[in-house]
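One structure is given below, encoded as structure tokens.
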Amino acid sequence: MAERRIVLHFPKELLDQPVISTTVSRYDVGFNILRANITQDQEGLMVLGLQGELGEIESAIEFMRDQGVRVQPLDQDVVRDDEVCTDCGACIVVCPTGALSMDLESREVNFDAEKCVACGICVPVCPPRAMSIHF
Amino acid sequence: MMLGKSYDEINAKIRSGEVVVVTAEEMVDVVGELGVAKAAEKVDVVTTGTFGPMCSSGAFLNFGHSTPRMKVTQAWLNEVPAYAGLAAVDLYIGATEVSAGDPLNRSHPGRFNYGGAHVIQDLVAGKDVRLRGIAYGTDCYPRREIDTWINIKDLNEAYMCNPRNAYQNYNVAVNKFADRDIYTYMGVVKKDLGSANYCSAGQLSPLLNDPHYRAIGIGTRIFIGGAQGYVFWQGTQHDPTTPRNERGVPTGGAGTLSTVGDLKQMDPRWVVGVSMLGYGVSLALGIGTAIPILDEEMAWYTSVSDADIVAPIVDYSRNYGLNEGEPLGHVSYAELKSGEIELEGRKVPTTPLSSYVRAREIAETLKSWIEAGEFELSEPVQPLPSAEESPGFKMLNYRPVEEEGGE
Chain A
1 MAERRIVLHF PKELLDQPVI STTVSRYDVG FNILRANITQ DQEGLMVLGL QGELGEIESA
61 IEFMRDQGVR VQPLDQDVVR DDEVCTDCGA CIVVCPTGAL SMDLESREVN FDAEKCVACG
121 ICVPVCPPRA MSIHF
Chain B
1 MMLGKSYDEI NAKIRSGEVV VVTAEEMVDV VGELGVAKAA EKVDVVTTGT FGPMCSSGAF
61 LNFGHSTPRM KVTQAWLNEV PAYAGLAAVD LYIGATEVSA GDPLNRSHPG RFNYGGAHVI
121 QDLVAGKDVR LRGIAYGTDC YPRREIDTWI NIKDLNEAYM CNPRNAYQNY NVAVNKFADR
181 DIYTYMGVVK KDLGSANYCS AGQLSPLLND PHYRAIGIGT RIFIGGAQGY VFWQGTQHDP
241 TTPRNERGVP TGGAGTLSTV GDLKQMDPRW VVGVSMLGYG VSLALGIGTA IPILDEEMAW
301 YTSVSDADIV APIVDYSRNY GLNEGEPLGH VSYAELKSGE IELEGRKVPT TPLSSYVRAR
361 EIAETLKSWI EAGEFELSEP VQPLPSAEES PGFKMLNYRP VEEEGGE
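Written as structure tokens, this is what we have:
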């Protein structure tokens with residue numbers, strides 16, 4: 001079993017199409033919706049965790065791409081600018097998944113992109129604005 | 001009992017390269033291993049550091065006379081209002097001033113993306129800053145308006161001048177009563193006692209290592225924003241009368257410093273504009289002091305550890321704003337730094353606002369300056385007010401204007 005976290009961009013024309021349910025009925029994959037909304041540009045945005053055999057996951061992603069969905073891996077989406085981060089720690093308590101945490105020895109703030117679900121809560125909370133989100 | 005060391009003796013050692021310097025963090029272990037007497041003999045200087053939001057900060061700028069001359073009466077730097085009620089081309093840019101036209105908290109929580117602190121950081125970073133000014137015009141200053149780029153290298157003077165920095169201890173903020181997260185100068189405080197937000201470098205913090213202000217006073221040379229500057233007065237709200245524990249360490253906000261330093265010598269790593277969601281703009285500033293180990297008492301004071309320093313836990317959803325209630329308890333910085341504290345039978349995660357990593361780096365930097373003979377200690381020309389001399393911290397004597405004034 002593997003899990004792949006991806007960001008799906010649904011163009012306006014696809015908003016009323018049951019892309020996800022069609023996909024999971026065709027491929028042997030489970031899914032976990034981490035985030036879903038419609039952006040100001042009337043584009044659908046969904047952050048999804050896909051679980052299953054790697055081959056099935058890749059075929060499912062390929063299928064969604066064929067439907068016109070733009071797919072990118074999640075780990076490219078929330079980025080920390082290490083030059084800007086001061087390791088203050090103001091973000092730690094608002095991060096719902098523990099992706100941002102403090103190393104109790106070094107007192108550095110760690111950012112674990114694997115745990116990040118791209119909720120974006122840290123972005124405006126970060127006092128020096130080291131966090132950014134790119135969808 | 002050892003004989004005391006003088007400032008002159010310590011400075012002579014700095015010049016000869018024989019000085020022994022440790023950081024306040026290292027001093028905990030030095031005294032733990034050697035005891036106070038031997039530590040006082042061995043160590044000459046203990047360096048401290050703190051890096052966190054310090055709202056009461058700002059900078060004086062003299063941008064030079066234009067042709068024709070102008071006495072600027074209202075001014076904006078990158079659209080952030082600067083105080084112009086000074087001589088013709090002097091300005092004061094305050095750290096917390098927000099951009100003209102900022103939506104503030106109209107859409108709550110406001111983001112406060114740019115303000116005075118960011119202007120100061122941009123100046124320090126050597127970026128061009130747009131100066132816009134207007135004036136009513138006089139016979140000697142005929143010009144009425146100006147719109148120009150300025151750069152720190154062209155300014156006559158640019159110096160930071162901060163009414164209050166380096167608070168000696170501070171509150172821990174919690175949210176007990178609100179049914180939502182609250183947005184404060186202590187960061188986002190989670191509902192249902194969901195977080196405990198603290199803001200002190202604890203054992204590395206300048207005034208916590210000199211609890212009775214024996215070494216840090218008016219005229220003390222300091223690290224400020226990456227430059228060498230000075231303490232020029234007690235800070236606003238300086239309150240040495242705060243209750244103290246058996247080590248003399250205040251158990252809440254107490255002493256403060258007014259500081260000054262040359263902006264042209266500073267480094268943007270230590271002068272960082274910050275935006276506190278739903279609250280406003282502030283300046284995260286690096287301050288450090290070098291404390292002379294004059295005698296055993298100073299060795300003892302500087303050996304203070306996070307376990308010895310406690311801070312009051314204050315509700316910021318109601319009690320702080322309304323001046324109600326008592327602290328919900330006290331907690332040590334050792335507990336706060338463990339990542340979780342116990343409060344009212346619950347485990348509450350902690351989150352700092354002050355960077356311990358940077359505080360440590362400041363103490364290390366100061367140590368390297370002293371070891372290299374680049375930073376000498378200055379004896380205060382006057383001590384900060386002591387508990388005996390200070391009137392303490394006064395709340396406003398609120399006098400409604402319907403009543404007769406005119407005292």
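Line order of the protein sequences matches chains A and B. Read in order, the letters of the first sequence are residues 1 to 135 in the numbering used here. Read in order, the letters of the second sequence are residues 1 to 407 in the numbering used here. Virtual Cβ for every residue (Gly too), placed ideally from N, Cα, C.
Candidates the options: closest to residue i by CA position
i: E53 of chain A; options: A:A130, A:C119, A:R4; result: A:R4
i: K293 of chain B; options: B:V46, B:V30, B:G226; result: The sequence shown places Ile at residue 293 of chain B, rather than the Lys named in the question. Of B:V46, B:V30, B:G226, the residue nearest in Cα terms is B:V46.
i: V93 of chain A; options: B:K337, B:I224, B:T96, B:G194; result: B:G194
i: G202 of chain B; options: B:G4, B:I10, B:L336; result: B:L336
i: E13 of chain A; options: A:V24, A:G44, A:V117; result: A:G44
i: V89 of chain B; options: B:E340, B:S66, B:E326; result: B:S66
i: P11 of chain A; options: A:D81, A:E62, A:M1, A:I38; result: A:I38
i: V19 of chain A; options: A:D41, A:D82, A:R70; result: A:R70
i: E344 of chain B; options: B:S390, B:T242, B:G64, B:D192; result: B:D192
i: Q234 of chain B; options: B:N323, B:Q228, B:P243, B:L257; result: B:L257
i: G329 of chain B; options: B:V174, B:A372, B:H108; result: B:V174
i: E371 of chain B; options: B:T184, B:A87, B:R15; result: B:R15
i: P455 of chain B; options: B:F51, B:Y7, B:P81; result: There is no way to answer for residue 455 of chain B, as the model of chain B reaches only from 1 to 407.
i: N165 of chain B; options: B:D181, B:E157, B:M186, B:L207; result: B:L207
i: Q17 of chain A; options: A:R35, A:G30, A:M1, A:M64; result: A:M64
i: G229 of chain B; options: B:T350, B:W300, B:S378; result: B:S378
i: V36 of chain A; options: A:V117, A:A130, A:D112; result: According to the sequence displayed, residue 36 of chain A carries Ala and not Val. With distances taken between Cα atoms, A36 of chain A lies closest to A:V117.
Range of the contiguous beta strand (DSSP E) that encloses residue i
i: A387 of chain B; result: Segment: none, A387 of chain B is in no beta strand (DSSP E) and carries neither H nor E.
i: L204 of chain B; result: That residue, L204 of chain B, is in no beta strand (DSSP E); it is neither H nor E in DSSP.
i: T47 of chain B; result: 45-47
i: T204 of chain A; result: Coverage of chain A is limited to positions 1 through 135, which leaves residue 204 of chain A absent and any answer about it impossible.
i: S258 of chain B; result: 257-262
i: I182 of chain B; result: 182-184
i: S132 of chain A; result: 131-133
i: V189 of chain B; result: 187-189
i: V93 of chain A; result: Taken as a continuous stretch (DSSP letters only), V93 of chain A belongs to no beta strand (DSSP E), as it is neither H nor E.
i: C161 of chain B; result: 157-165
i: V28 of chain B; result: It is not in any beta strand (DSSP E) - V28 of chain B instead sits in the alpha helix (DSSP H) that spans 24-42.
i: V348 of chain B; result: 346-352
i: R5 of chain A; result: 2-10
i: V172 of chain B; result: 172-174
i: V109 of chain A; result: 109-111
i: L343 of chain B; result: 340-343
Residue i at chain D interface by Cβ criterion, 8 Å
i: M27 of chain B; result: Absent from the structure is chain D; the protein chains it does hold are A and B.
Limits of the alpha helix (DSSP H) - the one that residue i falls within
i: Q121 of chain B; result: 116-124
i: W270 of chain B; result: Segment: none, W270 of chain B is in no alpha helix (DSSP H) and carries neither H nor E.
i: L408 of chain B; result: One cannot answer for residue 408 of chain B here, as it falls past the ends of chain B, which runs 1 to 407.
i: D8 of chain B; result: 7-16
i: T50 of chain B; result: From DSSP, T50 of chain B is part of no alpha helix (DSSP H) but of the beta strand (DSSP E) over 50-53.
i: Y356 of chain B; result: 356-371
i: D147 of chain B; result: First-last for D147 of chain B: 145-150, but that is the beta strand (DSSP E), not the alpha helix (DSSP H).
i: P124 of chain A; result: 122-125
i: R132 of chain B; result: That residue, R132 of chain B, is in no alpha helix (DSSP H); its beta strand (DSSP E) goes 129-134.
i: T23 of chain A; result: 19-26
Integer-rounded CB distance, given that residue j should sit under 8 Å from residue i
i: L353 of chain B; j: C199 of chain B; result: 4 Å
i: L123 of chain B; j: N62 of chain B; result: Contact doesn't hold; Cβ gap of about 13 Å is too wide.
i: I150 of chain B; j: V129 of chain B; result: 5 Å
i: I133 of chain A; j: P96 of chain A; result: About 15 Å separates the two Cβ atoms, so there is no contact after all.
i: P327 of chain B; j: V314 of chain B; result: 5 Å
i: D77 of chain A; j: V7 of chain A; result: 6 Å
i: G217 of chain B; j: P380 of chain B; result: 3 Å
i: I413 of chain B; j: T242 of chain B; result: Residue 413 of chain B lies beyond the range of chain B shown here (1 to 407); nothing can be said about it.
i: V29 of chain A; j: A60 of chain A; result: 5 Å
i: F31 of chain A; j: L48 of chain A; result: 6 Å
Item to check | Minimum length 4: unbroken alpha helix (DSSP H) runs contained in the segment 36-82 of chain A | outcome: 54-66
Next on the checklist: With three or more C-beta pairs closer than 8 Å as the rule, is the segment 53-73 of chain A touching the segment 317-336 of chain B?
Outcome noted: no
Checklist entry - Are the segment 123-130 of chain A and the segment 13-32 of chain B in contact at 8 Å, needing three or more beta carbon pairs? => result no
Checklist entry - Does the count of Cβ pairs from the segment 97-117 of chain B and the segment 279-289 of chain B closer than 8 Å reach three? => result yes
Next on the checklist: Please give me, in chain order, every unbroken run of the beta strand (DSSP E) with length at least 3 that falls completely inside the segment 194-247 of chain B.
Outcome noted: 196-198, 221-224, 227-234
Next on the checklist: Threshold first: 3 residues or longer. Then list the beta strand (DSSP E) segments lying entirely within the segment 274-338 of chain B, N to C.
Outcome noted: 280-292, 310-315, 329-332
Item to check | Sufficient close CB pairs (3 or more, under 8 Å) joining the segment 208-221 of chain B to the segment 355-373 of chain B | outcome: no
Checklist entry - Which full runs of the beta strand (DSSP E) of 3+ residues lie inside the segment 56-113 of chain B, going along the chain? => result 58-62, 74-77, 80-82, 90-94
Checklist entry - Per the contact definition of three or more C-beta pairs closer than 8 Å, is the segment 156-175 of chain B in contact with the segment 248-263 of chain B? => result yes
Next on the checklist: Pairs of beta-carbons, one from the segment 212-227 of chain B and one from the segment 358-376 of chain B, closer than 8 Å: are there three or more?
Outcome noted: yes
Checklist entry - Does the segment 90-103 of chain B come within contact of the segment 50-62 of chain B, defined as at least 3 CB pairs closer than 8 Å? => result yes
Checklist entry - Contact between the segment 329-348 of chain B and the segment 180-197 of chain B: three or more CB pairs below 8 Å? => result yes
Next on the checklist: Would the segment 137-146 of chain B count as touching the segment 230-238 of chain B if we require 3 or more Cβ pairs under 8 Å?
Outcome noted: no
Checklist entry - Is the segment 130-137 of chain B in contact with the segment 8-20 of chain B, if contact means three or more CB pairs nearer than 8 Å? => result no
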